[in-house]
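Counting in this note's numbering, the sequence shown runs from 333 upward without gaps.
From the three backbone atoms N, C-alpha and C, an ideal C-beta is built for every residue, glycine too.
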Amino acid sequence: MNATFPLNPLIYTPDFEKVQDDEGETIKELVDTLQEIADITSKDYGRAVRSVHAKPHGLIRGKLTIHSDLPDFLKQGVFASEGTYPVVMRFSTSPGDIMSDSVSTPRGIAIKLMGVAGERLTGEPTSRTQDFLMVNGPAFLKPDAKSFVSGLKLLAKTTDKAEGLKRILSAALRGAERIIESVGGESPTIKSMGGHPETNILGETFFTQVPLLYGKYMAKFSLVPIATELTSLKDAPLEDGRENAIREAVSAFFKAHTAKWELRVQLCTDIETMPIEDASVVWPEDESPYVAVATVEAAPQVSWDDATSPQIEDRLTFSPWNGIQDHRPLGSVMRARRQVYESSSTFRKQFNGCPMAEVNALEEV
Ligand code: HEM
Numbered sequence: 333m334n335a336t337f338p339l340n341p342l343i344y345t346p347d348f349e350k351v352q353d354d355e356g357e358t359i360k361e362l363v364d365t366l367q368e369i370a371d372i373t374s375k376d377y378g379r380a381v382r383s384v385h386a387k388p389h390g391l392i393r394g395k396l397t398i399h400s401d402l403p404d405f406l407k408q409g410v411f412a413s414e415g416t417y418p419v420v421m422r423f424s425t426s427p428g429d430i431m432s433d434s435v436s437t438p439r440g441i442a443i444k445l446m447g448v449a450g451e452r453l454t455g456e457p458t459s460r461t462q463d464f465l466m467v468n469g470p471a472f473l474k475p476d477a478k479s480f481v482s483g484l485k486l487l488a489k490t491t492d493k494a495e496g497l498k499r500i501l502s503a504a505l506r507g508a509e510r511i512i513e514s515v516g517g518e519s520p521t522i523k524s525m526g527g528h529p530e531t532n533i534l535g536e537t538f539f540t541q542v543p544l545l546y547g548k549y550m551a552k553f554s555l556v557p558i559a560t561e562l563t564s565l566k567d568a569p570l571e572d573g574r575e576n577a578i579r580e581a582v583s584a585f586f587k588a589h590t591a592k593w594e595l596r597v598q599l600c601t602d603i604e605t606m607p608i609e610d611a612s613v614v615w616p617e618d619e620s621p622y623v624a625v626a627t628v629e630a631a632p633q634v635s636w637d638d639a640t641s642p643q644i645e646d647r648l649t650f651s652p653w654n655g656i657q658d659h660r661p662l663g664s665v666m667r668a669r670r671q672v673y674e675s676s677s678t679f680r681k682q683f684n685g686c687p688m689a690e691v692n693a694l695e696e697v
């Protein structure tokens with residue numbers, strides 16, 4: 333902890349959220365478009381996979397420890413009191429179809445804390461988990477759910493097995509991204525279409541991109557590697573052309589090393605510069621820096637096993653709406669995700685004949 337954290341976080345009031353008149357229709361379009369992707373991939377694979385973030389690169393078991401020296405304003409929700417929670421984490425890349433890692437796209441991590449008490453968001457009284465979903469960029473590529481639909485429809489049209497074309501496109505886009513980065517910028521659109529640099533996922537910093545309640549305040553979260561074994565992997569290139577290069581790199585790491593990350597929060601201190609409804613705005617860190625509230629640690633382990641991991645990840649569902657009221661998702665993109673994740677995971681579980689109930693303990697995974 334240091335003296336730079338914001339002293340005046342804004343207290344949430346419902347006025348900060350503005351529901352658009354046609355939001356219900358937008359959500360239906362999202363659900364239908366994602367179902368189109370799931371219909372194609374489940375036919376191709378004979379098994380239903382996530383309609384985005386389909387490819388897994390590792391399932392990691394670990395623990396999250398809340399920092400003991402938090403100032404009062406950071407003691408909110410799950411972080412209100414000291415404690416350690418078992419966690420399960422799933423690394424993924426963003427497309428809804430499972431391609432070679434040489435088609436390089438943005439990366440995600442989903443974290444599930446287990447044994448969390450508190451009033452639930454979705455009314456499933458037996459669940460005692462809190463999920464945080466993040467990708468490796470500080471803001472979402474579109475301001476709201478409505479402006480995201482057209483891009484998603486385009487993506488749905490490319491969902492098939494024409495991987496050769498995507499591989500060529502990906503290589504070309506990576507070249508374009510390198511040129512843009514060399515002049516000091518980066519393009520989320522190019523990265524999302526396959527132009528992401530082909531680097532080790534373990535060196536990444538991940539962000540929720542969109543805000544959620546932090547008790548009485550509003551915050552974005554990030555997960556930042558702090559073990560030197562992880563930080564040394566920032567931008568580390570992967571062996572080009574290998575089908576499962578990312579999964580292999582994660583497995584190799586967890587054979588020998590312990591991973592350690594910090595979970596950080598960035599509190600909203602000004603609703604103009606840190607809006608709730610425009611998900612594309614990067615909240616300025618000079619106004620409100622990310623501050624650490626917990627440490628996540630994972631000891632050496634088998635991070636992927638072809639014989640058992642696919643069944644385990646079929647059973648797992650992560651959603652920003654799986655959690656407690658103190659961490660309720662906020663804004664247009666987050667509101668849309670409630671129904672979208674529910675539909676996608678219900679389809680998967682029904683298609684694959686998996687139990688529908690939430691996984692509540694590490695022993696179940
Ligand atoms: C309107 C915007 C979004 C839509 C429509 C959407 C949709 C989805 C869907 C349908 C799934 C698969 C759910 C399942 O079958 O279990 C998913 C997974 C995921 N999403 Fe989103 N998402 C959106 C925004 C975001 C954002 C802002 C983030 C994080 C910054 C994110 C991160 C993830 C991650 C990490 C997963 C994989 C979860 C897992 O490992 O099971 N998504 N998304």
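Please report how far the alpha carbon of residue i lies from the alpha carbon of residue j, in whole angstroms.
i: K485; j: S676; result: 16 angstroms
i: V481; j: A588; result: 43 angstroms
i: M333; j: D401; result: Only weak support exists for where M333 lies, its pLDDT of 44 falling under 50; the value from the coordinates is given anyway. Distance between the alpha carbons of M333 and D401 is about 8 angstroms.
i: V363; j: F464; result: 21 angstroms
i: T358; j: S651; result: 19 angstroms
i: S413; j: S620; result: 23 angstroms
i: T540; j: F585; result: 24 angstroms
i: F538; j: V623; result: 14 angstroms
i: N340; j: G547; result: 14 angstroms
i: S459; j: K681; result: 17 angstroms
For the alpha helix (DSSP H) that contains residue i, what are its first and last residues?
i: E355; result: 355-377
i: E561; result: 560-563
With DSSP run on the structure shown, which of helix, strand or coil describes residue i?
i: D463; result: strand
i: M446; result: strand
i: F679; result: helix
i: K478; result: helix
i: L406; result: helix
i: R574; result: coil
i: L544; result: strand
i: H589; result: coil
i: Q643; result: helix
i: M431; result: coil
i: F411; result: helix
i: Q598; result: strand
i: R667; result: helix
So, residue i versus residue j, is the Cβ gap smaller than 9 angstroms?
i: P388; j: W615; result: no
i: P418; j: R393; result: yes
i: A693; j: G409; result: no
i: H385; j: A442; result: yes
i: S664; j: V435; result: no
Shortest alpha-carbon distance to residue i belongs to which of the options?
i: E580; options: D404, F411, N532; result: N532
i: W593; options: M421, D404, D401; result: M421
i: V625; options: G469, L366, F411, F586; result: F411
i: S432; options: R574, P687, Q643; result: R574
i: T627; options: I603, V582, F553, L366; result: F553
i: P470; options: T640, V556, A477, D567; result: V556
i: K375; options: K407, L545, D354, D429; result: D429
i: G450; options: L391, N654, E629, M688; result: N654
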